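J.:
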Amino acid sequence: MSNTQQLEDLTTQVRRDILRMVHKVNSGHPGGSLGCAEFIVALYNDIMDRQDSFDMDGIGEDIFFLSNGHISPVFYSVLARAGYFPVEELNTFRLINSRLQGHPTTHEGLPGVRIASGSLGQGMSVAIGAAQAKKLNNDSHLVYSLHGDGELQEGQNWEAIMYAAGNNVDNLISTIDLNGQQIDGPTDVVLPLGNVKEKFEAFGWTVVEINQGNNIEEILKGMAVAKSKTGQGKPVCVLLKTVMGNGVDFMMHTHAWHGKAPNDEQLAIGLEQNPETLGDY
Amino acid sequence: MKTYTNTGNKDTRSGFGAGLTELGQTNEKVVALCADLIGSLKMDDFKKNHPERFYQVGIAEANMIGMAAGLTIGGKIPFTGTFANFSTGRVYDQIRQSVAYSDKNVKICASHAGLTLGEDGATHQILEDIGLMKMLPGMTVINTCDYNQTKAATIAIADHEGPVYLRFGRPSVPNFTPEDQTFEIGKALQLTDGTDVTIVATGHLVWEALEAAKALHEKGISAEVIDIHTIKPLDDEAILKSVAKTGCIVTAEEHNYLGGLGESVARVLALNHPAPQEFIATQDTFGESGTPAQLMEKYGLNSASIIKAAEKVIQRKK
Numbered sequence: 001m002s003n004t005q006q007l008e009d010l011t012t013q014v015r016r017d018i019l020r021m022v023h024k025v026n027s028g029h030p031g032g033s034l035g036c037a038e039f040i041v042a043l044y045n046d047i048m049d050r051q052d053s054f055d056m057d058g059i060g061e062d063i064f065f066l067s068n069g070h071i072s073p074v075f076y077s078v079l080a081r082a083g084y085f086p087v088e089e090l091n092t093f094r095l096i097n098s099r100l101q102g103h104p105t106t107h108e109g110l111p112g113v114r115i116a117s118g119s120l121g122q123g124m125s126v127a128i129g130a131a132q133a134k135k136l137n138n139d140s141h142l143v144y145s146l147h148g149d150g151e152l153q154e155g156q157n158w159e160a161i162m163y164a165a166g167n168n169v170d171n172l173i174s175t176i177d178l179n180g181q182q183i184d185g186p187t188d189v190v191l192p193l194g195n196v197k198e199k200f201e202a203f204g205w206t207v208v209e210i211n212q213g214n215n216i217e218e219i220l221k222g223m224a225v226a227k228s229k230t231g232q233g234k235p236v237c238v239l240l241k242t243v244m245g246n247g248v249d250f251m252m253h254t255h256a257w258h259g260k261a262p263n264d265e266q267l268a269i270g271l272e273q274n275p276e277t278l279g280d281y
Numbered sequence: 001m002k003t004y005t006n007t008g009n010k011d012t013r014s015g016f017g018a019g020l021t022e023l024g025q026t027n028e029k030v031v032a033l034c035a036d037l038i039g040s041l042k043m044d045d046f047k048k049n050h051p052e053r054f055y056q057v058g059i060a061e062a063n064m065i066g067m068a069a070g071l072t073i074g075g076k077i078p079f080t081g082t083f084a085n086f087s088t089g090r091v092y093d094q095i096r097q098s099v100a101y102s103d104k105n106v107k108i109c110a111s112h113a114g115l116t117l118g119e120d121g122a123t124h125q126i127l128e129d130i131g132l133m134k135m136l137p138g139m140t141v142i143n144t145c146d147y148n149q150t151k152a153a154t155i156a157i158a159d160h161e162g163p164v165y166l167r168f169g170r171p172s173v174p175n176f177t178p179e180d181q182t183f184e185i186g187k188a189l190q191l192t193d194g195t196d197v198t199i200v201a202t203g204h205l206v207w208e209a210l211e212a213a214k215a216l217h218e219k220g221i222s223a224e225v226i227d228i229h230t231i232k233p234l235d236d237e238a239i240l241k242s243v244a245k246t247g248c249i250v251t252a253e254e255h256n257y258l259g260g261l262g263e264s265v266a267r268v269l270a271l272n273h274p275a276p277q278e279f280i281a282t283q284d285t286f287g288e289s290g291t292p293a294q295l296m297e298k299y300g301l302n303s304a305s306i307i308k309a310a311e312k313v314i315q316r317k318k
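Protein sequence lines, in the order shown, are assigned to chains A and B. According to full-length UniProt numbering, numbering within the first sequence proceeds without interruption in unit steps and concludes at 281. According to full-length UniProt numbering, numbering within the second sequence proceeds without interruption in unit steps and concludes at 318.
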């Protein structure tokens, strides 16, 4: 699928899935999920060269790691709609005995998930390990990862960032969701990140900026550039500027919906703003 | 009673290094990661022979554990190497989420465990690592007693699917188990037959338990020594079978009594066959600088302490 309209339609449906999932269990993280919907939809349906069936080792295909595991609603919705598991299973999000745990895990055997995430700051190291395994296996496919911007406050990231540059892990594209928000408020207030671009560059990464991270065309263009920079001795960082809560007007531009579910009335408004495209689960 | 011969003191970490060297030749899936302690962990040969499968990660243990988890995705069998303290407490959450909860086939290999790394003192002497690791669901915990056993265990864990914590040490200690042994995870080794007291020991304390049994024998006390190299899963059957015969037990380990082998044994007994137990272990304390021998004496982790504990526990039967 590479038609922009199709990707946009899918994104709209994914937004509905996110809202309905978190509303049903009155918990979960809609803000960051909505902010990354276009990116993950584009990743799974255009950017990545992946196989239809799931194999943990992912040999001979591009693979993705979600480090900021709390945006599981968007991850689950995109995985289900990519065919990894039945869309109806989204109904079980955060319920007892579900494979769709609050944060993604391999522990329940959900196809599409390769690592548990939730405790922040661990995904880049895992992605680097998987990228090194690809090199050992002479597998020229790429490893993608996604990280929250607040997540960069975790020190392990900087160990990983230093390692990847120092060891020419150039089959890795790590994307930072720069929405400027975290649970307690704007990142600039909680713990300023400084100039993220300059930091990655100072560590020796190639940085690609996508300034409209909620625009499918811009994402596709930017990620094509990112891909073209792989294989040149440096890891690639994509700075994806997104709006938290994108696509639901009252959730946008605030950290208030980081980890809060909409009530019945709010759900109705959110769904009205995102009419059904591919069919609700 | 059966006696054992020390074929010459050797460090258990060199057993690990030798095992890893062999695995490098026999198993192409094995990769190794080290956090700036290649010499201390005896990983030099693996690095030299297989530079493409060796990852020097620098002083960055959290990244090392995460990378190891990632390397399993692609079919590799990663062995991480650093000191026990930096292999466990420092990276507990990384092991918990990226390795244990994620069911990754990572082998966490930890040297300099316990007091016997000596002079570096308490910052480097971890006495809590067995507890930390055994509490993680799905984690196998192994603490080997000599060079030969450590080498055999290193080779054996490569064939075990799932996360493993392999604990060994720095000092030269008696090497007395067979060179050609097959290491069976989870299988206790009965070293001597006895009827008066069971002595269950792990790691460096196994030799001390054998020395204690010899001395007890001269006093007319028959001690059954069991080498528990695998603390999890514990060989309940071997322990219960022995205690059914002796009626009492001494556990011996280079670890805090909280969270160690002793507590695991106490649970097995409480559930199946309550019996008097004495604990040779550190008493909820940090270590300190000193020679290994001085430290083991000061903290009561030697054959003299085991003898006293055996005599005491036998009294408690009456």
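Even glycine gets a Cβ: it sits at the ideal position worked out from N, Cα and C. Bear in mind the structure is a predicted one, so any value in this text is a computation, not a measurement.
1. Excluding the five sequence neighbours on either side, which residues of its own chain have a C-beta within less than 6 Å of the C-beta of Lys2 (chain B), listed in chain order?
2. Report buried or exposed for Ser228 (chain A), applying the criterion of at least 16 other Cβ atoms within 10 angstroms of its Cβ.
3. When we look at the beta-carbon of Gly28 (chain A) and count the other beta-carbons within 10 Å, is it buried (16 or more) or exposed?
4. DSSP on Ser172 (chain B), reduced to helix/strand/coil?
5. Is it the case that the Cβ atoms of His147 (chain A) and Thr175 (chain A) are separated by a distance below 9 Å?
6. According to the neighbour-count rule (16 or more other Cβ atoms, all chains shown, within 10 Å of its Cβ), is Val31 (chain B) buried or exposed?
7. Which class does Val106 (chain B) belong to by DSSP, given the choice of helix, strand or coil?
8. Answer yes or no: do Thr144 (chain B) and His229 (chain B) have a C-beta to C-beta separation smaller than 9 Å?
9. Taking a cut of 9 Å between CB atoms, which residues from the stretch 65-76 of chain B lie near chain A?
10. So the beta strand (DSSP E) Phe54 (chain B) belongs to, where does it begin and stop?
11. Please confirm if the stretch 232-247 of chain A is in contact with the stretch 33-41 of chain A, defined as three or more CB-CB distances below 8 Å between the two stretches.
12. Thinking just about the alpha-carbon of each residue, which of B:Asn6, B:Asp45, B:Val268 is nearest to the one in Cys248 (chain B)?
13. Leaving out five residues on either side along the sequence, give the residues of the same chain with a beta carbon under 8 Å from the beta carbon of Glu119 (chain B).
14. So with CB distances below 9 Å, who are the chain A contacts of Ser87 (chain B)?
15. Measure the beta-carbon distance from Thr282 (chain B) to Leu127 (chain B) and round it to whole angstroms, keeping in mind my assumption that it falls under 8 Å.
16. Helix, strand or coil: which one does DSSP assign to Lys317 (chain B)?
17. Against chain B, which members of the stretch 165-179 of chain A pass a CB distance test of less than 9 Å?
18. Have a look at B:Glu179, B:Arg167, B:Asn272 and flag the residue whose alpha-carbon is nearest the alpha-carbon of residue 369 (chain B).
19. Could you tell me the distance, in whole angstroms, from the CA atom of Cys109 (chain B) to the CA atom of Phe54 (chain B)?
20. Excluding the five sequence neighbours on either side, which residues of its own chain have a C-beta within less than 8 Å of the C-beta of Asp129 (chain B), listed in chain order?
21. Assuming contact is defined by CB atoms lying nearer than 9 Å, are Gly186 (chain B) and Pro233 (chain B) in contact in what I supplied?
22. Using beta carbons (cut-off 9 Å, strictly below), is Asp103 (chain B) in contact with chain A?
23. Residues in its own chain within less than 8 Å of Val225 (chain A) by CB, not counting five upstream and five downstream?
24. Starting from Ile142 (chain B), follow the beta strand (DSSP E) in both directions and report where the run begins and ends.
25. Sort A:Thr206, A:Lys24, A:Met252, A:Pro30 by Cα distance to Asn171 (chain A) and report the nearest one.
26. Do Gly213 (chain A) and Leu178 (chain A) come within 9 Å of each other at the CB atom, strictly closer than that value?
27. What does the Cβ neighbour count give for Met1 (chain A), buried or exposed, with the cut at 16 atoms within 10 Å?
28. Judging by CA-CA distance, which residue of A:Gly109, A:Ser125, A:Phe65 is the nearest neighbour of Gln94 (chain B)?
29. Just the C-alpha distance for Gln294 (chain B) and Pro73 (chain A), rounded to the nearest angstrom, thanks.
30. For the stretch 228-253 of chain A, which residues have a CB atom closer than 9 Å to at least one CB atom of chain B, in sequence order?
31. Run through DSSP, which three-state label would Tyr44 (chain A) get?
32. Give the DSSP-derived three-state secondary structure of Pro186 (chain A) in the structure shown.
33. Pair every Cβ in the stretch 73-84 of chain A with every Cβ in the stretch 130-137 of chain A, then say whether three or more of these pairs are closer than 8 Å.
34. Taking 9 Å as the CB-CB cut-off, is Ile96 (chain A) touching chain B?
35. Per the contact definition of three or more C-beta pairs closer than 8 Å, is the stretch 29-46 of chain B in contact with the stretch 12-20 of chain B?
36. Between which residues of its own chain and Thr92 (chain A) is the CB-CB distance below 6 Å, once the five residues before and five after are set aside?
T.: Quick look at the numbers:
1. Correct list, in chain order: Thr192.
2. With fewer than 16 other Cβ atoms within 10 Å, it is exposed.
3. So Gly28 (chain A) counts as buried.
4. When DSSP states are grouped into helix, strand and coil, Ser172 (chain B) belongs to the strand group.
5. Less than 9 Å separates the beta-carbon of His147 (chain A) from that of Thr175 (chain A).
6. Buried, since its Cβ has 16 or more Cβ neighbours within 10 Å.
7. Val106 (chain B): coil per DSSP, three-state reduction.
8. Cβ atoms of Thr144 (chain B) and His229 (chain B): closer than 9 Å.
9. Cβ contacts with chain A come from Ile65, Gly66, Met67, Ala68, Ala69, Gly70, Leu71, Thr72, Ile73, Gly74, Gly75, Lys76.
10. For Phe54 (chain B), the enclosing beta strand (DSSP E) has its first and last residue at 54-56.
11. Taking a cut-off of 8 Å on C-beta distances, the stretch 232-247 of chain A touches the stretch 33-41 of chain A, as three or more cross pairs fall below it.
12. Ranking B:Asn6, B:Asp45, B:Val268 by Cα distance to Cys248 (chain B) puts B:Val268 first.
13. Within the same chain, Cβ atoms closer than 8 Å to the Cβ of Glu119 (chain B) are found at Ser289, Gly290, Thr291, the five residues on either side in sequence being excluded.
14. Here the premise fails: no neighbours, minimum Cβ distance about 15 Å.
15. Separation of the CB atoms of Thr282 (chain B) and Leu127 (chain B) is rounded to 5 Å, and the pair is thereby assigned contact status at 8 Å.
16. Here Lys317 (chain B) carries a coil assignment [DSSP, helix/strand/coil].
17. Listed by position along the chain: Gly166, Asn167.
18. Here chain B has residues from 1 to 318 only, and residue 369 (chain B) is not among them.
19. Looking at the two C-alpha atoms, the distance is approximately 15 Å.
20. If we look at Asp129 (chain B) and ignore the five residues flanking it on each side, its Cβ neighbours are Ala84, Asn85, Ser87, Thr88, Gly89, Ala110, Ala113, Tyr165, Arg167, His255.
21. Yes; because the gap between Cβ atoms is below 9 Å, this pair is in contact.
22. With 9 Å as the cut-off, Asp103 (chain B) counts as an interface residue toward chain A.
23. Only Val208 meet the Cβ criterion.
24. From DSSP, the beta strand (DSSP E) with Ile142 (chain B) extends over 140-143.
25. Nearest C-alpha to Asn171 (chain A): A:Thr206.
26. Yes; because the gap between Cβ atoms is below 9 Å, this pair is in contact.
27. Confidence in Met1 (chain A) is poor, its pLDDT being 49 and thus under 50, which makes the residue's placement unreliable; the coordinate value appears in the next sentence. Taking a 10 Å sphere around the C-beta of Met1 (chain A), we find fewer than 16 other C-beta atoms and assign the residue as exposed.
28. For the residues A:Gly109, A:Ser125, A:Phe65, the minimum Cα distance to Gln94 (chain B) belongs to A:Ser125.
29. Between Gln294 (chain B) and Pro73 (chain A), the C-alpha separation is close to 57 Å.
30. So the list is empty, because no residue satisfies the distance condition.
31. Shown here, Tyr44 (chain A) sits in a helix according to DSSP, grouped into three states.
32. DSSP, reduced to helix, strand and coil, places Pro186 (chain A) within a strand of the structure shown.
33. Cβ pair count under 8 Å is below three, so no.
34. No, Ile96 (chain A) does not count as interfacial toward chain B.
35. They touch, by the three-pair rule.
36. Excluding sequence neighbours, Thr92 (chain A) sits near Ser98, Leu100.
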